[in-house]
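Down below is the structure, laid out as structure tokens.
Protein chains: 2
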Amino acid sequence: MNEGARLPERLLLGPGPSNVPVRVREAISRPLVGHLDPEFLKLMSEVQDLLRWIFRTDNHMTLPVSGTGTAGMECAVYNFIEEGDAVVVGVHGYFGGRIAEMARRAGAEVTVVSAPFGEPLDVGALSQAADRVKPKVIAFVHAETSTGVLQPVQPIRQICDRHGALLLADCVTSLGGHPLEVDEWEIDICYSGTQKCLNCPPGLAPLTASEKAMQKLRTRRSKVRSWYLDLSLLDGYWGEHRSYHHTAPIAMNNALREALLIVKEDGLEARCERHKRHHLALVAGIEALGMRMHVDPNYRLWTLNTVQVPPGIDEAAVRARLLSKFNLEVGAGLGDLAGKVWRIGLMGINSSLKNVLIVLHALEECLRKQGYSCTPGAGVRAASEALT
Amino acid sequence: MNEGARLPERLLLGPGPSNVPVRVREAISRPLVGHLDPEFLKLMSEVQDLLRWIFRTDNHMTLPVSGTGTAGMECAVYNFIEEGDAVVVGVHGYFGGRIAEMARRAGAEVTVVSAPFGEPLDVGALSQAADRVKPKVIAFVHAETSTGVLQPVQPIRQICDRHGALLLADCVTSLGGHPLEVDEWEIDICYSGTQKCLNCPPGLAPLTASEKAMQKLRTRRSKVRSWYLDLSLLDGYWGEHRSYHHTAPIAMNNALREALLIVKEDGLEARCERHKRHHLALVAGIEALGMRMHVDPNYRLWTLNTVQVPPGIDEAAVRARLLSKFNLEVGAGLGDLAGKVWRIGLMGINSSLKNVLIVLHALEECLRKQGYSCTPGAGVRAASEALT
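Chains A and B, in that order, give the protein sequences. So for the first sequence, my numbering puts the first residue at 1; every next one is plus one. So for the second sequence, my numbering puts the first residue at 389; every next one is plus one.
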């Protein structure tokens, strides 16, 4: 047996990747067929239909981008934003900042409207910025993985309507865990990743774009800066013609299909409900341990929970102990929140009673080790009560 | 059992993907660890060391780009070519043309030096073009997957030396199948794909860059147009700091490590020798069947064989029958060679006596079905003799 087989089996309760069910691991290991094989072309169509289903959209342009979530972001930004475009980006976390940086590299005139990391965007400020610059696109992050904030979509859509702007939403950490209605909410450009609430390994980025967005793509003044991510070319491969563009990550597409089938068997509504329930149980436990959530209850993600590090606690030592003693990964703070919060993901199959209890138990043990004082077992008890 | 499990088991003798050995399929299906887990960071270092070994380089900047071979190409072009750079691209096939197109999108002043599809580049013409435009970079395809031509590297290196230009080589279909000496041949920028001679699913692009290339990256006048593929940022993740940039395709990296270990156990020299031997056997068989190879013997790839479609033969019908009757994929012609050749890949573990015999047998059967006349069993006999 080679060394690789000895990788530890972690419980992945960080910001993603989440754990991958056996069915998906079995799917990714299937023998390959060619990327132009009739059987693979069928599989591509199936994946696209399942993505339309989970995005709640009829958009023709719906496909898994051949890269991780960040490639999905770059694909969204580079195709629908071009040199000279006025763009407003709402930045209330690390990933909003990344969108702004990409938009600059795409040659756009970027106006950033910032909110503190842990709060939602200031819709009034966004609105004023839009009035000033008349943006072609307004971009924001629906579920900020770096802060744990869920950003309401509809108020931003209304600003777009006033200016005929496209709405671009990063849904990496909401797809499959939170309600997301691409068509009903009129999100023009939406992308996600596979390794969060879909419980698939990282490596593909589901993306969908409305006909209005595609119209902007077709009437660009300049070519898309990326060839690899140029949707007008990708449409040749994923659209009717199925003509060669690049060799799709075949094994990953097998895995994604299986992961989406599992979500479909679950049912979207039941799945979201489950995420909410276990999130609330975790919060009850965290508070019973005397700790505080970083985000206002009205804006909390169910999929990614930011917990403030209590004063005097060495947060890195806690994470290291969680990993070494409990084989349990939680995430560190990112950007402005580095050192200040832990990020606890409960995504897809990982959103379960068992996982809520184990993370509360383990966290309590690690905190005590550092002299933190709390009622023994209070977290687990509160969580368990919250669920009954 | 769901439908996906019923995908056929193909013998993949096209231009890639090639078949994936069980060890690699097992590796890709292992439970995930996080992308910043100490165990994954170790695995990243192992993959980088193995890539340095197979590229025959000491380059610090050596990593698997998180996308397919085309992402590797885009990463190579976008990092080391910037707006206004004079660039010469040798185009003797479809993929050379793609490099030229990407360089244009990167804002370069591109001079294309073309050769007919099936011939190597005209070094004299390249040299003259370089004298004229004083390029910062000369780019070409070492192993043209679209034509079956192996392009000698050293004469182009000499042109680079005269102008202090960087040498950029696409080695997607040569790495692990043909001799490739990145350091000895002074290739500054080199990339490949996983799904060819490495027998790993598609989804990562091994890439290496010399210190001289990195110096150019560090002194760019403008930011790299892609954020996802910006090597100065990727170096933060794959370099000493291991700071977050994007979530690496963890399962794919597991698979790549295993695939590279298999190549190492084989030994590079023995592996290349095996590719040559089976290539020669295939050629003997093809010619014994009265068909002709498309490329001059001095420039033939061992890994990808272009066979001219005999007059009067419906080439698509042959491929369809190979697939339906023999579960065997061979490739169609691409670009200028569409309809004119078949592309038969013998890559990595697929370069075997068994596969040479089955493809010759199956091809003969399909040709006869269309009334083609040849000595029965002549192909298989000639191949088998060539190997003794």
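Note that CB positions come from ideal geometry on N, CA and C, so glycine has one too. Given the structure is predicted, the values throughout are model-derived calculations rather than measurements.
| Item | Value |
| --- | --- |
| For a contact meaning CB atoms closer than 9 Å, what does G176/A contact in chain B? | By Cβ distance, chain B contributes nothing, its closest Cβ being about 16 Å from G176/A, past 9 Å. |
| Taking the alpha carbon of E569/B as the point to measure from, which residue in S534/B, T596/B, G673/B has its own alpha carbon closest? | T596/B |
| By DSSP, does A766/B sit in helix, in strand, or in coil? | helix |
| Name the DSSP beta bridge partners of R343/A, please? | T306/A, G331/A |
| From V651/B to R440/B, what does the alpha carbon distance come to, in whole angstroms? | 13 Å |
| Does the stretch 164-184 of chain A come close enough to the stretch 107-121 of chain A that 3 or more CB-CB pairs lie under 8 Å? | no |
| With a threshold of 8 Å between beta carbons, is Y237/A in contact with chain B? | no |
| So, is N350/A buried or exposed, given that buried needs 16 or more other C-beta atoms within 10 angstroms? | buried |
| With a threshold of 6 Å on Cβ separation, who are the neighbours of R398/B within its own chain once the five nearest residues in sequence on each side are excluded? | N715, E717 |
| Exposed or buried, what is G512/B when buried is set at 16 or more other beta-carbons lying within 10 Å of its beta-carbon? | exposed |
| Spell out a yes or no on whether the stretch 75-93 of chain A and the stretch 129-145 of chain A are touching, meaning 3 or more CB-CB pairs, one atom from each, closer than 8 Å. | yes |
| Leaving out five residues before and five after C762/B in sequence, what residues of the same chain have Cβ atoms less than 6 Å from its Cβ? | L677, G678 |
| Apart from the five residues on each side of it in sequence, which residues of its chain come closer than 8 Å, Cβ to Cβ, to G723/B? | G481, Y482, G485, F505, S534 |
| What is the C-beta distance between E109/A and A86/A, in whole angstroms, given that I count them as a contact (C-beta under 8 Å)? | 5 Å |
| For G333/A, which residues in chain B fall below 8 Å Cβ to Cβ? | Here the premise fails: no neighbours, minimum Cβ distance about 11 Å. |
| Since N19/A meets chain B, which of its residues come closer than 8 Å, beta carbon to beta carbon? | P419, L420 |
| How many Å lie between T65/A and H245/A at the Cα? | Reading the sequence as shown, one finds Val at residue 65/A and not Thr. Going from the Cα of V65/A to the Cα of H245/A covers about 12 Å. |
| Are E532/B and A494/B touching if we call contact CB-CB under 8 Å? | no |
| Beta-carbon separation of G565/B and H682/B under 8 Å? | no |
| For L751/B, which option in G472/B, I732/B, L741/B has the closest C-alpha, if you only look at C-alpha atoms? | I732/B |
| What separation, rounded to the nearest whole angstrom, lies between the Cα atoms of E369/A and A255/A? | Reading off the sequence shown, one finds Lys at residue 369/A, where the question assumed Glu. Each residue's Cα considered, the two are about 40 Å apart. |
| Strictly below 7 Å CB to CB, what residues from chain B border A71/A? | G455, Y616 |
| The beta strand (DSSP E) spanning E397/B covers which residue range? | Here E397/B belongs to no beta strand (DSSP E), and DSSP marks it neither H nor E. |
| Among W730/B, L692/B, L725/B, K713/B, which one has its Cα closest to the Cα of E703/B? | W730/B |
| Work out the CA separation of R545/B and F80/A for me, nearest whole Å. | 40 Å |
| Please classify S174/A as buried or exposed, where buried requires at least 16 neighbouring CB atoms within 10 angstroms. | buried |
| Could you name the residues of the stretch 254-270 of chain A whose beta carbon sits closer than 9 Å to any beta carbon of chain B, in the order they occur along the chain? | N254, A255, R257, E258, L261 |
| Please classify V541/B: does DSSP put it in a helix, a strand, or coil? | coil |
| Quick one: residues in its chain with C-beta nearer than 7 Å to the C-beta of P590/B, no 5 flanking neighbours on either side, listed in chain order? | P405, T456, G581, T582, Q583 |
| Determine the burial state of G379/A: buried for a count of at least 16 other Cβ atoms within 10 Å of its Cβ, exposed for fewer. | buried |
| Residues in the same chain with beta-carbon distance under 8 Å from E773/B, minus the five sequence neighbours each way, listed in chain order, please. | A672 |
| Taking 8 Å as the threshold (beta carbon to beta carbon), is A316/A in contact with chain B? | no |
| For G402/B, which residues in chain A fall below 7 Å Cβ to Cβ? | G34 |
| I need the boundaries of the alpha helix (DSSP H) containing E497/B, first residue and last residue. | Taken as a continuous stretch (DSSP letters only), E497/B belongs to no alpha helix (DSSP H), being part of the beta strand (DSSP E) at 497-502. |
| What is the residue span of the alpha helix (DSSP H) that D558/B lies within? | First-last for D558/B: 554-558, but that is the beta strand (DSSP E), not the alpha helix (DSSP H). |
| Given this structure, state the Cα-to-Cα distance separating P794/B from L670/B, to the nearest angstrom. | With chain B represented from 389 up to 776, any question about residue 794/B goes unanswered, as that position is not in the structure. |
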